[in-house]
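The structure under discussion appears below in the form of structure tokens.
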Amino acid sequence: GDSVTQMEGPVTLSEEAFLTINCTYTATGYPSLFWYVQYPGEGLQLLLKATKADDKGSNKGFEATYRKETTSFHLEKGSVQVSDSAVYFCALSDYLGYSTLTFGKGTMLLVSP
Amino acid sequence: SQTIHQWPATLVQPVGSPLSLECTVEGTSNPNLYWYRQAAGRGLQLLFYSVGIGQISSEVPQNLSASRPQDRQFILSSKKLLLSDSGFYLCAWSVQGGTYEQYFGPGTRLTVT
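From first to last, the protein sequence lines stand for chains A and B. The opening position of the first sequence corresponds to residue 1 in our numbering, with each subsequent residue numbered one higher. The opening position of the second sequence corresponds to residue 1001 in our numbering, with each subsequent residue numbered one higher.
Shown next as structure tokens:
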């Protein structure tokens, strides 16, 4: 079955540092890939997405590129802020007609001033 | 624009009591609807999803049930709560036939005592 593997956290960074959160996936078809962010006590927000190989999703300074050859979708940001502290989830949807997403376990990011 | 509501925001219930959590979506028609549970410090567990009124699919066996009495209303219920039902419950929706990104509500924090 489909699966998503994320690096374990927490990831701790100082403000303005470069961020990478690794995500790799296993899927039977050609999935769409997503990154979601969850701030404390809130629901998940869609951060960015990519629907086919070599697509780059971007939003709010975050980027991720759909790499089919390495089955990866790593999240990057050039300069993190304290307000980026949150849990980040990588997810995929496989077009099996069930309209469901497979999520990774989440990676907590802590940014200090 | 579309919005998704969940209530209540927080709930404390004794073991063995009933449960009813409600989710409604505005600004869209015939959405796919989902219920997830997130235990403390853990990832997301898909509980139920629905592609239409009265059509419910269950992902895991448990003492919870779901119903969709109206197109944009999704209800999560239990006749008798267990301690293990404590967690953060999230409702989400997606567009039928789209690229399957899901949009989440603010969540309900349930504590079973």
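Even for Gly, the Cβ is constructed at its ideal location relative to N, Cα and C. If you're wondering where the values come from, they're calculated on a predicted model, not measured in any experiment.
Close Cβ partners of T1010/B (< 6 angstroms) along its chain, the five nearest in sequence each way excluded: Working through the second sequence from its first residue, we reach residue 1010/B at position 10. Answer for T1010/B: R1109, listed in chain order.
Please classify F18/A: is it buried, with 16 or more other beta-carbons within 10 angstroms of its beta-carbon, or exposed? For the purposes of this step, residue 18/A is taken as residue 18 along the first sequence, with counting starting at 1. Burial call: exposed.
Once you ignore the five residues that flank S1094/B on each side, which residues in its own chain have a CB closer than 6 angstroms to its CB? To locate residue 1094/B, count along the second sequence from 1; it is residue 94. So the list reads N1032, Y1100 and Q1102, once near-sequence residues are dropped.
Against G106/A, what residues of chain B qualify as contacts under a CB-to-CB distance less than 7 angstroms, listed in chain order? Residue numbering aside, residue 106/A sits at position 106 when the first sequence is read from its first letter. Here the neighbours are G1043.
Name the two residues that bound the continuous beta strand (DSSP E) containing Q1102/B. Here the question's residue 1102/B lines up with position 102 in the second sequence. From DSSP, Q1102/B is part of no beta strand (DSSP E); its letter is neither H nor E.
Could you check the C-alpha separation between E8/A and G1097/B for me, to the nearest Å? As a first step, residue 8/A must be located in the first sequence, where it is residue number 8. As a first step, residue 1097/B must be located in the second sequence, where it is residue number 97. Rounded to whole angstroms, E8/A to G1097/B spans 33 angstroms at the Cα level.
Chain B partners of L75/A, CB-CB under 9 angstroms? On the first sequence, residue 75/A is found 75 positions in, with the first residue counted as 1. What L75/A touches in chain B: nothing, since even the nearest Cβ is about 16 angstroms away.
Per DSSP, what kind of secondary structure is V82/A in: helix, strand or coil? Here residue 82/A refers to the residue found at position 82 when the first sequence is read from its first residue. In the structure shown, V82/A sits in a helix (DSSP, three-state: H, G or I).
Less than 9 angstroms between the C-beta atoms of L1046/B and Y1089/B, yes or no? Taking the second sequence and counting its residues from 1, one reaches residue 1046/B at position 46. Taking the second sequence and counting its residues from 1, one reaches residue 1089/B at position 89. No, the pair does not count as a contact, with Cβ atoms beyond the cut-off.
Could you name the residues of the same chain whose beta carbon sits closer than 6 angstroms to that of S1017/B, not counting the 5 residues immediately before and after it, in chain order? Position 17 of the second sequence, counting from 1, holds the residue named residue 1017/B. Here the set comprises L1081.
CB-CB length for S73/A against F89/A, believed under 8 angstroms: Within the first sequence, numbered from 1, the residue matching residue 73/A stands at position 73. Within the first sequence, numbered from 1, the residue matching residue 89/A stands at position 89. Going by the sequence as given, residue 73/A is Phe instead of Ser. So it is not a contact: roughly 12 angstroms between Cβ atoms.
What's the gap between the Cα of T28/A and the Cα of P113/A? For this step, residue 28/A is matched to residue 28 along the first sequence. For this step, residue 113/A is matched to residue 113 along the first sequence. One C-alpha to the other measures close to 42 angstroms.
Which same chain residues, not among the five before or five after V4/A, have their C-beta less than 7 angstroms away from its C-beta? To locate residue 4/A, count along the first sequence from 1; it is residue 4. Excluding residues within five positions, the ones whose Cβ falls inside 7 angstroms are C23, Y25, C90, A91, L92, T102, F103 and G104.
Looking at chain A, is there any beta carbon in it that lies within less than 9 angstroms of the beta carbon of G1016/B? Counting from one through the second sequence, the residue named residue 1016/B turns up at place 16. No, because no Cβ of chain A sits closer than 9 angstroms to the Cβ of G1016/B.
Taking just the CA atoms, how far does Q45/A sit from F1074/B? Locating residue 1074/B in the second sequence gives position 74, where the first residue counts as 1. Locating residue 45/A in the first sequence gives position 45, where the first residue counts as 1. Taking the straight line from one Cα to the other gives about 20 angstroms.
Within the region 1019-1048 of chain B, note down every full beta strand (DSSP E) run reaching 3 residues or more, in order along the chain. 1019-1026 and 1032-1038
What residues of chain A sit near P1106/B, judged by a beta carbon separation below 8 angstroms? Taking the second sequence and counting its residues from 1, the one referred to as residue 1106/B is at position 106. The answer, in chain order, is E42 and G43.
Alpha carbon to alpha carbon, how far is V1012/B from L1019/B? As a position in the second sequence, residue 1012/B is number 12, starting the count at 1. As a position in the second sequence, residue 1019/B is number 19, starting the count at 1. Distance between the alpha carbons of V1012/B and L1019/B: 10 angstroms.
What residues are listed by DSSP as bridge partners for Y39/A? Taking the first sequence and counting its residues from 1, the one referred to as residue 39/A is at position 39. Paired residue(s): none; Y39/A is not in a bridge.
Could you tell me which of P10/A, K56/A and G1/A sits nearest to F34/A, measuring between CA atoms? Taking the first sequence and counting its residues from 1, one reaches residue 34/A at position 34. When only C-alpha atoms are compared, the closest one is K56/A.
Taking the Cβ atom as the reference point for each residue, do L109/A and P40/A lie within a distance shorter than 9 angstroms? Locating residue 109/A in the first sequence gives position 109, counting from the first residue. Locating residue 40/A in the first sequence gives position 40, counting from the first residue. In this structure, P40/A does not lie closer than 9 angstroms to L109/A by Cβ.
Within the region 3-54 of chain A, note down every full alpha helix (DSSP H) run reaching 4 residues or more, in order along the chain. none
Once DSSP output is grouped into helix, strand and coil, what is the label at L1076/B? To locate residue 1076/B, count along the second sequence from 1; it is residue 76. Reduced to three states, the DSSP call for L1076/B is strand.
Can you tell me the Cα-Cα spacing of D1085/B and T1111/B, whole angstroms? On the second sequence, residue 1085/B is found 85 positions in, with the first residue counted as 1. On the second sequence, residue 1111/B is found 111 positions in, with the first residue counted as 1. Between D1085/B and T1111/B, the C-alpha separation is close to 8 angstroms.
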